Amino acid sequence: MSLVYSGVLSHAPGITGRADLVKNTARRDEFYGKLDQQRREIEASGAQALIVMAAEHFANFFMNNMPAFCIGIGETYSGPIEDPEWLKISRTEVPGAPVLGRRLTREIMQTVDVAYAEEWKFDHGIMVPLHFLTPEYDMPIIPVNINCQGPPLTPLHRAWAFGEAIRRACDSVPEKIALVGTGGISHWPATPDSGKINEPWDRDFLDRLMRNDRQALLDYTDEETYRDGGQGGFEIRTFIAAAAAAAGQGELQFYTSELPIFAVGCTVARFNLE
Amino acid sequence: MSLYYLQKFLYELNRDAEIQQQCQDDIDALLGRFDLTDEERTALKEGDIGLLYVLGVNGQILMHYAAFLGIEWFDYLEMMRQGIARHGPVRAGVYAMTGGGDAFTEEDTRK
Numbered sequence: 012m013s014l015v016y017s018g019v020l021s022h023a024p025g026i027t028g029r030a031d032l033v034k035n036t037a038r039r040d041e042f043y044g045k046l047d048q049q050r051r052e053i054e055a056s057g058a059q060a061l062i063v064m065a066a067e068h069f070a071n072f073f074m075n076n077m078p079a080f081c082i083g084i085g086e087t088y089s090g091p092i093e094d095p096e097w098l099k100i101s102r103t104e105v106p107g108a109p110v111l112g113r114r115l116t117r118e119i120m121q122t123v124d125v126a127y128a129e130e131w132k133f134d135h136g137i138m139v140p141l142h143f144l145t146p147e148y149d150m151p152i153i154p155v156n157i158n159c160q161g162p163p164l165t166p167l168h169r170a171w172a173f174g175e176a177i178r179r180a181c182d183s184v185p186e187k188i189a190l191v192g193t194g195g196i197s198h199w200p201a202t203p204d205s206g207k208i209n210e211p212w213d214r215d216f217l218d219r220l221m222r223n224d225r226q227a228l229l230d231y232t233d234e235e236t237y238r239d240g241g242q243g244g245f246e247i248r249t250f251i252a253a254a255a256a257a258a259g260q261g262e263l264q265f266y267t268s269e270l271p272i273f274a275v276g277c278t279v280a281r282f283n284l285e
Numbered sequence: 043m044s045l046y047y048l049q050k051f052l053y054e055l056n057r058d059a060e061i062q063q064q065c066q067d068d069i070d071a072l073l074g075r076f077d078l079t080d081e082e083r084t085a086l087k088e089g090d091i092g093l094l095y096v097l098g099v100n101g102q103i104l105m106h107y108a109a110f111l112g113i114e115w116f117d118y119l120e121m122m123r124q125g126i127a128r129h130g131p132v133r134a135g136v137y138a139m140t141g142g143g144d145a146f147t148e149e150d151t152r153k
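Below, the structure written as structure tokens:
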């Protein structure tokens with residue numbers, strides 16, 4: 012059938028792992044409510060599989076062999092790699108979609124050189140989204156990675172092209188497929204500055220994203236992003252690819268910088284499919 | 043190349059329960075498989091988060107390692123600050139401290 016849903020959400024490990032430390036519990040619970048709404052929207056779309064387009068954090072890929080893009084075509088996956096007590100998510104098995112994943116990969120390869128993997132361990136970048144979006148772990152998952160961690164990073168315009176290729180591939184198969192891009196906007200995670208958020212920069216990026224303005228979204232250099240959005244800002248690639256796949260304007264369903272204990276501006280949004 | 047292997051050791055440790063067990067059983071034998079300096083080897087044996095941070099270990103790799111060691115969140119952040127106070131700025135990579143050592147969350151009692 013086609014792509015039936017495209018959206019974005021944050022994936023920071025504190026969202027689950029430090030839930031109990033939050034003082035602003037009303038804002039936290041509002042955020043969780045929006046994530047649950049996203050779950051319901053994905054379920055209502057009739058999706059038979061969910062592509063989670065992530066910016067992984069050295070769970071599978073290292074600088075010995077770092078792909079710009081990778082697609083999971085495994086039968087099952089496991090996660091989280093992190094201490095489950097730290098992430099507050101139990102280790103579990105997650106079903107894959109190997110046959111569909113191969114067909115999508117074959118089509119995507121017509122325009123973007125992607126790696127593929129039958130083995131994939133999920134870190135918080137995928138497990139936190141799944142915790143909220145498929146809490147029973149009963150939806151077949153196709154993990155996708157864009158290199159946002161090990162420079163040289165995947166160029167933004169290639170992330171856009173990848174999103175377009177995913178859309179074309181999804182539209183070429185009979186299954187209904189949902190897609191989420193997961194990452195952060197400005198943030199300085201895993202440094203002493205954890206909790207620092209540049210809200211004006213986030214708002215400007217989200218404005219470009221919701222307009223789905225290709226030119227404006229690709230108008231960042233990595234140097235500018237690092238200066239204004241921190242090394243965590245490199246993860247805008249996953250949001251940009253989700254926008255490219257959708258092609259339509261977005262609806263920002265939630266954003267707050269008022270939960271710095273989660274170390275990211277917490278975001279939930281969806282796009283119109285055009 | 044040593045920082046590369048320092049990070050590679052932690053990358054493999056973070057994702058593999060068997061290596062985590064080897065680390066607890068005989069860390070010297072495990073570390074012998076990696077091309078490390080004495081400073082790096084000592085930092086790993088002592089779980090010296092502050093020095094590993096300053097040496098330039100990718101922050102995500104280091105964060106997962108700190109979780110493996112069972113270090114509480116605010117203690118982990120403070121260890122990185124103390125590492126900088128003791129050893130100077132981060133020497134490599136993109137996870138430098140840019141906030142002057144401040145705490146950015148109201149939940150952090152050190153703020």
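Listed in order, the protein sequences are those of chains A and B. The C-terminal position of the first sequence is numbered 285 in the working numbering, with every residue numbered one higher than the one before it. The C-terminal position of the second sequence is numbered 153 in the working numbering, with every residue numbered one higher than the one before it. Glycine included, C-beta positions come from ideal geometry on N, C-alpha and C. This one's a predicted model, so the numbers in the text were calculated from it and none came from an experiment.
Hey, residue i and residue j are a contact pair by Cβ (cut 8 Å); roughly how many whole angstroms apart?
i	j	result
R123(B)	K132(A)	Contact doesn't hold; Cβ gap of about 31 Å is too wide.
P106(A)	M139(B)	Not quite, the Cβ-Cβ distance comes to about 41 Å (not below 8 Å), so this is no contact.
F282(A)	G18(A)	7 Å
G92(B)	G125(B)	2 Å
I26(A)	L144(A)	Going by Cβ atoms, the distance from I26(A) to L144(A) rounds to 12 Å, so no, they are not a contact pair.
L167(A)	L229(A)	5 Å
R38(A)	W115(B)	R38(A) to W115(B), Cβ: 19 Å. No contact.
Y118(B)	Q242(A)	Not confirmed; about 17 Å, so no contact.
D134(A)	G90(A)	7 Å
Enumerate in chain order the residues of its own chain whose CB-to-CB distance from residue i is below 8 Å, with the five nearest sequence positions on each side excluded.
i	result
G276(A)	S21, G195, I196, S197, H198, I208, E210, D213, Y266, T267, S268
D233(A)	P162, L164, F245
A58(A)	V15, Y16, M150, K187, I188, A189
A71(B)	Q64
M221(A)	Q260, G261, E262, L263, A280
Mind checking whether residue i and residue j have CB atoms under 7 Å apart?
i	j	result
L45(B)	G130(B)	no
Q63(B)	F69(A)	no
I82(A)	Y127(A)	yes
I61(B)	L52(B)	no
A255(A)	L284(A)	no
I100(A)	M64(A)	no
A109(B)	D224(A)	no
A176(A)	I92(A)	no
A2(A)	C159(A)	The displayed coordinates of chain A run from 12 to 285. Any statement about residue 2(A) would go beyond what the structure contains.
V155(A)	I272(A)	no
Q264(A)	V279(A)	yes
F173(A)	F80(A)	yes
N100(B)	G141(B)	no
L111(A)	A180(A)	no
A274(A)	P200(A)	yes
T147(B)	G206(A)	yes
L98(A)	P185(A)	no
E149(B)	L32(A)	yes
What does a CB cutoff of less than 6 Å around residue i pick up in its chain, not counting 5 residues either side in sequence?
i	result
A170(A)	I157, R248, I251, A252
D77(B)	Y47
T103(A)	Y148
M74(A)	G161
G143(B)	R123
R178(A)	L14, A256
R83(B)	L73
Considering only DSSP beta bridges, list what residue i is partnered with.
i	result
L61(A)	I152(A), A189(A)
P106(A)	T87(A)
R281(A)	G18(A), E262(A)
T151(B)	The partner list for T151(B) (beta bridge, DSSP) is empty, contrary to what the question assumes.
F216(A)	According to DSSP, which records beta bridges pairwise, F216(A) is partnered with nothing at all.
K132(A)	S89(A)
A127(A)	Before going further, note that residue 127(A) is Tyr rather than Ala in the sequence given. For Y127(A), which the question treats as bridged, DSSP gives the partners I82(A).
S101(A)	DSSP output for S101(A) lists no bridge partner at all.
T140(B)	None, per the DSSP bridge assignment.
I26(A)	Note: I26(A) sits in no beta bridge, so no partner.
Please list, in chain order, all residues of the same chain as residue i whose beta carbon is under 7 Å from its beta carbon, the five residues on each side excluded.
i	result
N35(A)	E269, L270
E129(A)	I84, G85
Q49(B)	V99, N100, I103
Tell me whether residue i, by its Cβ, gets closer than 6 Å to a heavy atom of the ligand SAH.
i	result
V63(A)	With respect to the ligand SAH, the structure offers nothing, as it holds no ligand at all.
Selection of the segment 203 to 227 of chain A by Cβ proximity to chain B, strictly under 7 Å: P203, D204, S205, G206, K207
If you measure beta-carbon to beta-carbon, which residues of the segment 97 to 108 of chain A are closer than 7 Å to chain B? W97
Using a beta-carbon distance cut-off of less than 9 Å, what residues from the segment 158 to 182 of chain A approach chain B? Q160, G161, P162
Check distances from the C-beta atoms of the segment 115 to 140 of chain A to those of chain B and list, in chain order, the residues that come in under 7 Å. K132
Using a Cβ-Cβ cut-off of less than 7 Å, give me the residues of the segment 143 to 155 of chain A that come near chain B, in sequence order. Cβ proximity to chain B below 7 Å picks out nothing from the segment 143 to 155 of chain A.
According to a CB-to-CB cut-off of less than 8 Å, which residues of the segment 122 to 138 of chain B neighbour chain A? M122, R123, I126, V136, Y137, A138
Taking a cut of 9 Å between CB atoms, which residues from the segment 20 to 43 of chain A lie near chain B? P24, G25, G28, R29, L32, V33, K34, N35
Short-range partners of chain B found in the segment 77 to 99 of chain A, where Cβ spacing is below 7 Å: I92, E93, D94, W97
Determine which residues of the segment 95 to 110 of chain B have a Cβ less than 9 Å from any Cβ of chain A, and write them out in chain order. Listed in sequence order: Y95, N100, G101, Q102, I103, L104, M105, H106, A108, A109, F110.
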